[in-house]
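Engineer:
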Amino acid sequence: MTTQSGAAGTAPKAAALLNHTQHPYWSLAVVFGAWKACLLAIAVLAASAGPAYDTSGDLLQVIASSNGTTPYASSTGGYAIPSGGIVSRLTSWDAIYYVEAARRGHVYEQEWAFGAGLPLVVSCVRDALARVGVDATVAVVAVAYVHIAHLLAVFALYRLGCQLWEGAAGRTTAFVAACLHVLSPAGLFLSAPYAESSCALFSFVGYAAFAAGRTQGLSVKGDALRLLAGAAFGVATLFRSNGLLNGVVFAYEAVHGAITFLQQPSPRLLRRLVSIGLGGLAVAAGSVVPQAVAYFEFCIEPSGVPGEDRRPWCVQRLPSIYNFVQDHYWGSGRLFNYWTLSNLPLFLLATPMLLIMTRSGLDLWQAASKTKNDANKKQEHEGTLAPRIAPLLQSMAASQLLLAFMAFTSYHVQIVSRLSTAYPVWYWWLAQGLSGGPRSRLAGRLVVFIVMYASIQGMLFASFLPPA
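Using full-length UniProt numbering, you'd call the opening residue of the sequence shown number 1 and step up by one each time.
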C-alpha cells in the first residue's frame, strides 16, 4: 500500500513539472531532450547504413589521439571520454573547420570564413577539463557544448517572448515559439559543431537585455542594460557574422535618440546616446577584432617566406579577410553571384524559409507599428505587445527582413534554414498562427514542413549528403 500510494503521489508531481504554465523551463527541457533524441537516432540510423563518403571526422579522432597508444587513452592519467561513431558523423562538412580551429587555431586563410567564437570556447573548455584529469577530444567537447548552448537559447527565447508579449496569451506565444526553436529547420546543425546555436543564444540574450533596458527609461540601469545587449550581440557576431545584423536595433535607437535630443536636450538623453553608441561599437567589435587579428597575422607579419607578397585583400581600402575568403574560396558575398542555373534547386529548397521570414517580418512590423500608434489597442488571438517594446520588435523584424534579402541575393541561399535560428520574429509569428485565427491552417502545415525538413536533413547530413 505504501509503494502504491508513493507511486500515486509521484505521478501528479511529474505531471505538474510538465505543465508549461507552472514549470515552463522543465517542459521546454523535456521537449528539447525528446527532439534531440529523435534527431540523434536518425543520425545513428544513417551511420549504420554504411561508411560515410567523407571520413574527415574519423581522421580528426586519429589526429587528436596521436599522442596516446589507443584512440581513447588518457594522457593525463584521468578519465578519458571515448569518441567516434555518432561524434565522427556529426563532425563533417563545415564542422571540420571549427574543430580543427579549436584544436590548433586558425592557420590557413580560408579558415577565417568561420567565426572564432566556437573554437575559442571549445578550446578553453577542453583545457579546463584536462586540468581536472578529464580527457576529451575537441569534437566531443564541441558536440556537448552546442547542445548546452541550444538548450540555453531555448530558455532565453522563452524569456524574451515573455518580455514582449503580455498576459497569459503572451506567455503561451512565448512557450510555443521556444518549442519551435527546438524544432528548428536547422535540425542536426544544432547538434553538430556549428556556431548557429551560440549565435542564437547570445542574440536572444542581447534582445532580452535591450528589452529590459527599454522598460527602465532614461535610468543608469537602462543604459547599462543597453551596453550589456551590445556586448551580447558582439559575442553573437564572434560566433557567426550574421550576428552583426543585430546592430540594426542600435542604429534605430541612435537615430531616434538623436532626434529626441535635438528637440529636447538633456544630460540623461546625452548619456543614453553615449550608451547606444558604445553598444553599437561592441556589436561591431565582434566582426572587427577577428579581422584585425587576421590582418596582423597575414599582412603586418606574413608567414616569413622571403620575398613573399602580401595577400590581395591586405592592400584593399578596407581590408577584410572574411569578404575575400567568401568570394575567393566559396564564390559568395557578391550580389547575384550565386544566381546560376545549377543552383536553382538550392533556391527552391530555401524558398519556404525565405517566404516565412519575409511574411512574418512584414506582419509583425505592421503589428508593432499599430501598437506604437495606439498603445491601448488589443490584438485578438495574439496577446498584447508591450507598447514600450514595439520599437524593438520593429528593429528585430527589420534585421530578419535584411537577412532574408541578403541570403536571397548574396549568400549560399540554402543556409538560410540555419541562419534563421537566431531571428525570433518568425517563431512568434508562427506561434501566434498556431493559436487560432486565419493563419492557423497555414501555421500547422508549416510546422509539419519544418519537422519533415529537419528529419530528412538530419539523415542526409549524417551521410555526408547535400544540402549543407
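Ideal Cβ positions, reconstructed from N, Cα and C, are used throughout, including at glycine. The structure presented is a predicted model; accordingly, all values stated were derived computationally and were not measured.
Can you say whether residue 354 is buried or exposed, counting buried as having 16 or more other CB atoms within 10 angstroms of its CB?
Structural biologist: buried
Engineer: Since residue 470 and residue 198 are thought to touch, with beta carbons under 8 Å apart, how far apart are those beta carbons, to the nearest angstrom?
Structural biologist: Residue 470 is absent from the model: the chain starts at 1 and stops at 468.
Engineer: How big is the Cα-Cα spacing for residue 169 and residue 440?
Structural biologist: 15 Å
Engineer: Let me check understanding here. Comparing Cα to Cα, which of 396, 92 and 94 lies closest to residue 207?
Structural biologist: 396
Engineer: Measure the beta-carbon distance from residue 406 to residue 46 and round it to whole angstroms, keeping in mind my assumption that it falls under 8 Å.
Structural biologist: A Cβ-Cβ distance of about 32 Å is found for the pair residue 406 and residue 46, leaving them out of contact under the 8 Å criterion.
Engineer: With 16 other CB atoms within 10 Å as the buried threshold, where does residue 438 fall?
Structural biologist: exposed
Engineer: Mind checking which residues open and close the alpha helix (DSSP H) that includes residue 226?
Structural biologist: 220-239
Engineer: Which residue spans inside the segment 129-187 form an unbroken alpha helix (DSSP H) run of at least 4?
Structural biologist: Qualifying alpha helix (DSSP H) stretches, in chain order: 138-164 and 167-182.
Engineer: Rounded to whole angstroms, what is the Cα-Cα separation between residue 259 and residue 20?
Structural biologist: 43 Å
Engineer: Quick one: is residue 454 buried, meaning 16 or more other Cβ sit within 10 Å of its Cβ, or exposed?
Structural biologist: buried
Engineer: How far does the alpha helix (DSSP H) with residue 456 in it reach, from first residue to last?
Structural biologist: Its alpha helix (DSSP H) spans residues 440-462.
Engineer: Return helix, strand or coil for residue 358, following the three-state DSSP convention.
Structural biologist: helix
Engineer: By the DSSP assignment, the alpha helix (DSSP H) with residue 271 in it spans what residues?
Structural biologist: 267-295
Engineer: For the segment 91-109 and the segment 169-183, state whether three or more C-beta atom pairs, one from each stretch, are separated by less than 8 Å.
Structural biologist: no
Engineer: DSSP three-state call for residue 481: helix, strand or coil?
Structural biologist: Coverage of the chain is limited to positions 1 through 468, which leaves residue 481 absent and any answer about it impossible.
Engineer: Give every residue of the same chain whose Cβ lies closer than 6 Å to the Cβ of residue 213, excluding the five residues on either side of it in the sequence, and list them in chain order.
Structural biologist: 222, 225 and 226
Engineer: From which residue to which residue does the alpha helix (DSSP H) around residue 104 run?
Structural biologist: Counting along the chain, the alpha helix (DSSP H) containing residue 104 begins and ends at 95-104.
Engineer: In whole angstroms, give me the CA-to-CA distance for residue 463 and residue 384.
Structural biologist: 45 Å
Engineer: Return the CA-CA distance between residue 450 and residue 387, expressed in angstroms with no decimal places.
Structural biologist: 31 Å
Engineer: Within 10 angstroms of the Cβ of residue 167, are there 16 or more other Cβ atoms? Answer buried if so, exposed if not.
Structural biologist: exposed
Engineer: So residue 110 is in the alpha helix (DSSP H); what residue range does that whole segment cover?
Structural biologist: Note, residue 110: premise wrong, no alpha helix (DSSP H); not H, not E.
Engineer: Measuring alpha carbon to alpha carbon, tell me which of 34, 327 and 149 ends up nearest residue 121.
Structural biologist: 149
Engineer: How big is the Cα-Cα spacing for residue 116 and residue 158?
Structural biologist: 27 Å
Engineer: When the Cα atoms are used, what is the spatial distance from residue 183 to residue 267?
Structural biologist: 46 Å
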